[in-house]
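Residue numbers (the numbering used here): 201 to 591.
No residue lacks a Cβ here, since even glycine has one placed at the ideal position from N, Cα and C.
Below is one structure; the comments refer to it alone.
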Ligand code: TRH
């Protein structure tokens, strides 16, 4: 079989929006671009609703944007497994479902889709099989990544064309700013989007912007960074629609918008602060300089992940610009808190802008959805061969 007709994606929401953000994006790409009938099982419909407001968090089953969305609860129903089964981020599949997979004449191709990392070991683990200890089933690890030896990255077929049409059309950009209640930026103004976790370096960054020569407009989606920014302006709370000004810094608080619309914010801004996994990738596709707030892990391993990515990303960038970028990223993710590198980062603005565009282009050739479908075919061929050989 060339490609699966059906696919089940299983997602547990650990926290925030990254887990479901990635699954929702993958589900839509498989359905819209490859005609796969996708069923998405998610344990937290309220989180999915933030990304897709049409989702009703009380419905056990609904169809949204071409996807069958199922609420994944403890009492799992009896269903026929799909041909391709994707377990996202090692969430554990329901026992009943696993038993049903083992009972199929033609067993599904079972994938554990892992978190994105630029670390070297990923290449060696991508596609590794993990046989089930009791049942005649094999699960395969599938690692997204930045090099050709990994599973690649999620990128819609038409994304660059839509991005370029938007960024190349001053009227579309002006209309976008107006839709947020903002005037069209003056040539010397800098627009920055800020999506991060709580961050001890945040007040320092706001101070640098407040005192900068260049006016800075900071677009801040509602969320975890908002209380800190509100406190900087002496407010107890903040909400979408608030606009605060101090010195040369203006902050506009934006509503959390549906996933499709978040891209435009990234395309329109000069610099994007992003976090986690999915917004981090979308900022790269925007082709604009960005600063990553990596998801912090207790044992500090996130700094290794951060540096592995920076090593790759800085290849081909002049040494001074690379140093400026690295310093700012280290500051933003490190201790002690501070962002002394911001001015240096800005001084290399045009080189970083050019580099960001080239980088996006370089990465775009290794498409995760396509690779998943190729892998499905590969496993199917191996199984056919084994069956013919009577193994
Ligand atoms: O929300 P995140 O921090 O998510 C995660 C999770 O914490 C996860 O457990 C962790 O392992 C992972 O990060 C690394 O960041 P992320 O991945 O960027 O997800 C945010 C999603 O929210 C992304 O799909 C973009 C979307 N989004 C919108 O749809 N609208 C918005 O207005 C904004 C700001 C974001």
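Going by C-alpha positions, residue 396 is about 26 angstroms away from residue 364.
Between residue 209 and residue 286, the gap from beta carbon to beta carbon is short of 7 angstroms. Counting C-beta atoms within 10 angstroms of its own C-beta, residue 576 has 16 or more neighbours from the protein chains shown and is therefore classed as buried. The three-state reading of DSSP puts residue 488 in coil, since its state is none of H, G, I, E or B.
Looking at 342, 334, 329, the one whose alpha-carbon comes closest to that of residue 568 is 342. CA-to-CA, the gap between residue 520 and residue 479 works out to about 26 angstroms.
If you compare the alpha carbons of 560, 361, 451, 282 with that of residue 403, the shortest gap goes to 451. Residue environment analysis places residue 582 among the exposed positions, since fewer than 16 neighbouring C-beta atoms fall within 10 angstroms of its C-beta. As DSSP reads the structure, residue 330 sits in a beta bridge with 339. The three-state secondary structure of residue 582, taken from DSSP, is helix. Relative to the non-hydrogen atoms of ligand 1, the Cβ of residue 496 never comes closer than 6 angstroms to any of them. For residue 373, no beta strand (DSSP E) encloses it; the enclosing alpha helix (DSSP H) starts and ends at 370–379. Annotated three-state conformation of residue 424 is coil, per DSSP.
Judged by DSSP in its simplified three-state form, residue 288 adopts strand.
Sequence-distant Cβ neighbours of residue 244 in its own chain, meaning closer than 8 angstroms and more than five residues away, are 212, 213, 220. DSSP places residue 472 within a strand segment (E or B) once states are collapsed to three.
Annotation for residue 264: 252, 254, 255 place their beta carbon closer than 7 angstroms to its own, counting only its chain and skipping 5 residues before and after. For residue 403, the CB stays at least 6 angstroms from every heavy atom of ligand 1. From the listed residues 430, 455, 394, the smallest Cα separation to residue 483 is found for 394.
Secondary structure note for residue 237: it is in no alpha helix (DSSP H), and the uninterrupted beta strand (DSSP E) holding it is 237–242. Residue 396 has its Cβ no nearer than 6 angstroms to any heavy atom of ligand 1. Rounded to the nearest whole angstrom, the C-alpha separation of residue 302 and residue 224 is 26 angstroms.
Spanning the alpha carbons of residue 544 and residue 260 requires a straight line of approximately 52 angstroms. Between residue 420 and residue 373, the beta carbon gap of about 19 angstroms keeps them out of contact (Cβ cut-off 8 angstroms). Short note on residue 479: C-beta closer than 6 angstroms to some heavy atom of ligand 1. Taken through DSSP and simplified to helix, strand or coil, residue 450 comes out as strand. Between the alpha carbons of residue 313 and residue 353 lies a gap of roughly 12 angstroms. Distance from the Cα of residue 218 is smallest, within the candidate group 270, 293, 315, for 315. The C-alpha of residue 549 is placed about 13 angstroms away from the C-alpha of residue 487.
In the DSSP assignment, residue 261 is bridged to 270. Your pair residue 518 and residue 551 checks out as a contact, with CB atoms roughly 6 angstroms apart and the cut at 8 angstroms. CA-CA distance, residue 557 to residue 563, rounds to 10 angstroms. Between ligand 1 and residue 376, a heavy atom-to-CB distance of less than 6 angstroms is absent.
The C-alpha of residue 423 is placed about 38 angstroms away from the C-alpha of residue 309. The residue from 534, 203, 271, 283 with its alpha-carbon nearest to that of residue 507 is 534. Check the Cα spacing between residue 392 and each of 229, 542, 472, 232: the tightest is with 472.
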